[in-house]
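In the working numbering, the protein residues as written are 402 to 559.
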């Protein structure tokens with residue numbers, strides 16, 4: 402799995418602080434120019450440890466808040482009023498697409514396919530950096546897996 406800084410996503414640096422001001426983190430920002438408009442996919446999650454009204458997930462009202470806040474910024478950045486924008490949660494079992502995403506899900510349960518042992522390793526994400534991820538397994542043992550050994554990783558439904 403490759404580590405690409407989230408800041409490398411076009412317009413991530415401009416939108417992430419806005420999303421964070423509402424208590425969320427920007428997981429993914431994908432902009433796809435089309436013939437007559439720009440299609441924008443925004444994925445948000447709650448900051449680690451944050452919850453609203455006892456919920457840990459993202460609801461429709463959360464997505465609407467983020468949509469209303471970043472749409473004008475993206476219209477200005479892309480110099481268009483013709484955006485088709487979707488704002489979603491990461492989903493219960495999101496496939497982690499970029500190793501930089503691990504830092505956004507600290508404290509969450511996930512499973513990692515380690516190509517050296519050819520099996521899924523489930524555990525709680527303890528730490529991650531630009532080289533590896535550290536999980537605490539069910540038996541309380543800790544395992545550090547370098548990104549080059551990770552074939553796939555998914556969040557687990559808690």
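Where a beta carbon is used, it is the ideal one built from N, C-alpha and C, also for glycine.
Proximity winner among the options, relative to residue i (alpha-carbon distances)
{"i": "residue 492", "options": "405, 464, 436 and 417", "result": "464"}
{"i": "residue 458", "options": "471, 474 and 494", "result": "494"}
{"i": "residue 404", "options": "497, 537 and 555", "result": "497"}
{"i": "residue 487", "options": "549, 543, 441 and 410", "result": "441"}
{"i": "residue 468", "options": "553, 540 and 420", "result": "420"}
{"i": "residue 524", "options": "513, 418, 533 and 473", "result": "513"}
{"i": "residue 518", "options": "507, 553, 557 and 539", "result": "553"}
{"i": "residue 461", "options": "478, 479, 474 and 489", "result": "489"}
Beta-carbon contacts of residue i that lie in its chain and below 7 Å, excluding the five residues immediately before and after
{"i": "residue 428", "result": "444, 445, 446, 491, 502 and 505"}
{"i": "residue 413", "result": "407, 427 and 430"}
{"i": "residue 435", "result": "none"}
{"i": "residue 466", "result": "423"}
{"i": "residue 558", "result": "493 and 494"}
Distance between beta carbons of residue j and residue i, contact taken as under 8 Å
{"i": "residue 386", "j": "residue 511", "result": "The question about residue 386 has no answer here: the residues shown for the chain are numbered 402 through 559."}
{"i": "residue 522", "j": "residue 530", "result": "Contact doesn't hold; Cβ gap of about 18 Å is too wide."}
{"i": "residue 432", "j": "residue 418", "result": "About 18 Å separates the two Cβ atoms, so there is no contact after all."}
Close Cβ partners of residue i (< 6 Å) along its chain, the five nearest in sequence each way excluded
{"i": "residue 482", "result": "476"}
{"i": "residue 402", "result": "500, 548 and 551"}
Counted within 10 angstroms of its Cβ, other Cβ atoms place residue i as buried (16 or more) or exposed
{"i": "residue 416", "result": "buried"}
{"i": "residue 471", "result": "buried"}
{"i": "residue 545", "result": "exposed"}
According to DSSP, residues forming a beta bridge with residue i
{"i": "residue 537", "result": "525 and 543"}
{"i": "residue 432", "result": "441"}
{"i": "residue 446", "result": "426"}
{"i": "residue 485", "result": "440"}
{"i": "residue 513", "result": "522 and 554"}
Nonlocal neighbours in the same chain, by C-beta distance under 8 Å from residue i, ignoring five residues either side
{"i": "residue 543", "result": "527, 535, 536 and 537"}
{"i": "residue 438", "result": "481, 483, 484 and 485"}
{"i": "residue 532", "result": "404, 547 and 548"}
{"i": "residue 539", "result": "523 and 524"}
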